[in-house]
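A.B. asks: What the sequence shown shows, in the working numbering, is residues 283 to 558, in sequence order.
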Amino acid sequence: MWQFTIRGHDLSEITSVKELAQATEKVGVHHLQLAMGMSFPELVDKSTKLNPGLGRFVKDELGKYDVDIAVLSCYINMIHPDAEERERLLGKFESFVKNAKAFGAAMVASETGCVLSQIQYTEKNFTEEAFEDMVQVIQRLVKKGEEHGVMIGIEPGLNHPLHSLEKIQRLIDYVNSDYLGIILDPTNLITSENYLEQVEMVKKAFQMFGDKICAFHLKDFIIKDKKVLPVNVFEGQMNVKEVLKIVADYKPYCYVVLEETKDLGIKSAIDQLVKY
């Protein structure tokens with residue numbers, strides 16, 4: 283009832299698209315969340331390098347091993363305070379949107395970023411001004427998605443302007459488009475105070491805006507010194523079985539992306555997940 287997916291950059295020592303395809307097939311997975319900037323930065327260090335031929339090359343190389351791109355990632359600081367740098371970043375994201383179909387991807391994903399030049403914790407992210415700025419940027423990106431028939435997947439997080447279920451609902455209300463999608467990573471919204479309520483949180487999210495959820499991140503965690511730290515799936519405190527049941531009930535065959543599960547941990551996790 284799920285389509286298990288991994289991030290390309292969670293596989294180590296990959297130097298080519300062919301190697302990525304082979305390693306993905308080897309762990310028993312057929313879908314990737316691919317961040318070209320992290321897996322193959324030399325190919326996309328300038329947005330002008332993106333082109334349909336590059337997309338088709340990546341798609342064809344992966345396809346030889348029955349692997350495809352579920353989510354094409356272009357994680358940027360979309361609310362960068364410097365206007366020139368922000369425009370550069372948004373232009374790069376829009377280039378991915380324009381070429382997404384050549385990669386065989388139905389969506390391009392990003393987090394919402396930070397009001398500071400370096401992405402870090404700041405309470406300035408939680409202001410109404412930051413939220414409204416983010417909404418305007420996402421409206422622009424979604425418009426580009428509409429032009430090219432590509433969904434824009436937005437991933438919320440505690441330290442971002444989009445940091446709660448209520449803020450997500452507000453964004454959806456403002457950006458009324460079929461091309462806005464939410465990539466739900468519940469661990470991004472978990473704290474040392476609320477982690478025992480994780481199942482209820484996931485269920486509430488699907489009840490509130492399940493029609494907008496286009497992918498789900500499965501990121502296990504432990505609580506240490508009141509901090510939430512990622513670990514391989516099945517090695518932490520996430521209630522994997524209950525969470526996946528909710529996903530299957532609301533979104534059958536949804537892409538479920540293992541995040542921060544690395545290398546040998548991927549094979550181990552997939553071997554257990556496919557038994558569900």
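Quick reminder that beta carbons are idealized off the backbone N, C-alpha and C, glycines included.
1) Tell me the DSSP secondary structure of A530 in three-state form.
2) State yes or no: is the C-beta of G427 within less than 8 angstroms of the C-beta of I434?
3) Under a three-way DSSP split, which group does I420 fall into?
4) Measure the alpha-carbon distance for Q554 versus E366 and round it to whole angstroms.
5) Run through the segment 440 to 518 for me and flag every whole alpha helix (DSSP H) of 4 or more residues, listed as ranges in chain order.
6) Could you name the residues that DSSP lists as bridge partners for M320?
7) Looking only at C-alpha atoms, which of H312, F413, I361 and L471 sits nearest to K501?
8) Going by Cα to Cα distance, which pick from F378, Q315 and V424 is closest to V538?
9) At the level of alpha carbons, what is the spacing between V311 and I505?
10) Do A317 and R289 have their CB atoms nearer than 8 angstroms?
11) Under 8 angstroms between the Cβ atoms of D292 and E542?
12) Relative to the alpha-carbon of F286, which residue among H313, E295 and S298 has its alpha-carbon at the smallest distance?
13) With a cut-off of 8 angstroms on the beta carbons, I'd call L336 and A382 a contact; round off their distance for me.
14) Helix, strand or coil for A412 per DSSP?
15) Give the straight-line distance between the Cα atoms of L546 and H445, rounded to the nearest whole angstrom.
16) In angstroms with no decimal places, state the Cα-to-Cα distance between Y403 and I420.
17) Quick check on this structure: which residue in Y558, C536, I548 and K509 has the alpha carbon closest to the alpha carbon of E524?
18) Per the contact definition of three or more C-beta pairs closer than 8 angstroms, is the segment 485 to 498 in contact with the segment 449 to 467?
19) Considering only the alpha carbon of each residue, which of G431, I401, V513 and K406 lies closest to T469?
20) Is there contact here, the segment 367 to 379 with the segment 470 to 490, by at least three beta-carbon pairs under 8 angstroms?
21) Compute the Euclidean distance between the alpha carbons of K527 and A551, then round it to the nearest angstrom.
22) Run through DSSP, which three-state label would I436 get?
23) Could you check the C-alpha separation between Q400 and F408 for me, to the nearest Å?
24) Write down the C-beta distance between T306 and Y347 rounded to the nearest angstrom, noting that I regard them as a contact closer than 8 angstroms.
25) In chain order, which continuous runs of the beta strand (DSSP E) of length 3 or greater are located wholly inside the segment 332 to 369?
26) Note the first and the last residue of the continuous beta strand (DSSP E) segment covering E393.
C.D. replies: Let me lay it out:
1) Sequence index remark: in the sequence shown, residue 530 carries index 248 (1-based). For A530, the three-state secondary structure derived from DSSP is helix.
2) Start at 1 with the first residue of the sequence shown, and residue 427 comes out as number 145. Start at 1 with the first residue of the sequence shown, and residue 434 comes out as number 152. Result yes, Cβ atoms of G427 and I434 sit closer than 8 angstroms.
3) Locating residue 420 in the sequence shown gives position 138, where the first residue counts as 1. Correct three-state label for I420: helix.
4) Counted from its first residue, the sequence shown places residue 554 at position 272. Counted from its first residue, the sequence shown places residue 366 at position 84. Using only the alpha carbons, I get a separation of about 47 angstroms.
5) 447 to 456 and 480 to 491, all fully within the segment 440 to 518.
6) By 1-based counting over the sequence shown, the position of residue 320 is 38. Answer is none; M320 lacks a bridge partner.
7) By one-based count along the sequence shown, residue 501 stands at place 219. Closest option to K501, Cα to Cα, is L471.
8) On the sequence shown, position 256 is the one that residue 538 refers to. The option with the nearest alpha carbon to V538 is Q315.
9) As a position in the sequence shown, residue 311 is number 29, starting the count at 1. As a position in the sequence shown, residue 505 is number 223, starting the count at 1. Between the C-alpha atoms of V311 and I505 there is a straight-line separation of about 29 angstroms.
10) The residue you call residue 317 lines up with position 35 of the sequence shown. The residue you call residue 289 lines up with position 7 of the sequence shown. Contact: yes.
11) By 1-based counting over the sequence shown, the position of residue 292 is 10. By 1-based counting over the sequence shown, the position of residue 542 is 260. Contact flag set, yes.
12) Position 4 of the sequence shown, counted from the first residue, corresponds to residue 286. The residue with the shortest Cα to Cα distance from F286 is H313.
13) Taking the first residue of the sequence shown as position 1, residue 336 is located at position 54. Taking the first residue of the sequence shown as position 1, residue 382 is located at position 100. At roughly 12 angstroms, the Cβ-Cβ gap does not stay under 8 angstroms, so L336 and A382 are not in contact.
14) Locating residue 412 in the sequence shown gives position 130, where the first residue counts as 1. Secondary structure at A412: helix, using DSSP grouped into helix, strand and coil.
15) Here the question's residue 546 lines up with position 264 in the sequence shown. Here the question's residue 445 lines up with position 163 in the sequence shown. CA-to-CA, the gap between L546 and H445 works out to about 32 angstroms.
16) Looking up residue 403 in the sequence shown gives position 121. Looking up residue 420 in the sequence shown gives position 138. Straight-line Cα distance between these residues: approximately 21 angstroms.
17) The residue you call residue 524 lines up with position 242 of the sequence shown. Sorting Y558, C536, I548 and K509 by C-alpha distance to the C-alpha of E524 places Y558 at the top.
18) Taking one beta carbon from each stretch, the segment 449 to 467 and the segment 485 to 498 have 3 or more pairs nearer than 8 angstroms; the two touch.
19) Position 187 of the sequence shown, counting from 1, holds the residue named residue 469. Checked all of G431, I401, V513 and K406; the closest Cα to T469 is V513.
20) The segment 367 to 379, when compared against the segment 470 to 490, does not touch it at the 8 angstroms Cβ threshold.
21) On the sequence shown, position 245 is the one that residue 527 refers to. On the sequence shown, position 269 is the one that residue 551 refers to. Near 16 angstroms, if we compare the C-alpha coordinates of A551 and K527.
22) As a position in the sequence shown, residue 436 is number 154, starting the count at 1. Of the three classes helix, strand and coil, the one that applies to I436 here is strand, per DSSP.
23) Taking the first residue of the sequence shown as position 1, residue 400 is located at position 118. Taking the first residue of the sequence shown as position 1, residue 408 is located at position 126. Spanning the two alpha carbons is a distance of roughly 16 angstroms.
24) In the sequence shown, counting from the first residue as 1, residue 306 sits at position 24. In the sequence shown, counting from the first residue as 1, residue 347 sits at position 65. T306 to Y347, Cβ: 7 angstroms. Contact.
25) Counting whole runs of 3 or more residues, the segment 332 to 369 contains the beta strand (DSSP E) stretches 350 to 355.
26) Residue numbering aside, residue 393 sits at position 111 when the sequence shown is read from its first letter. Run containing E393: M389 to E393, per the beta strand (DSSP E) assignment.
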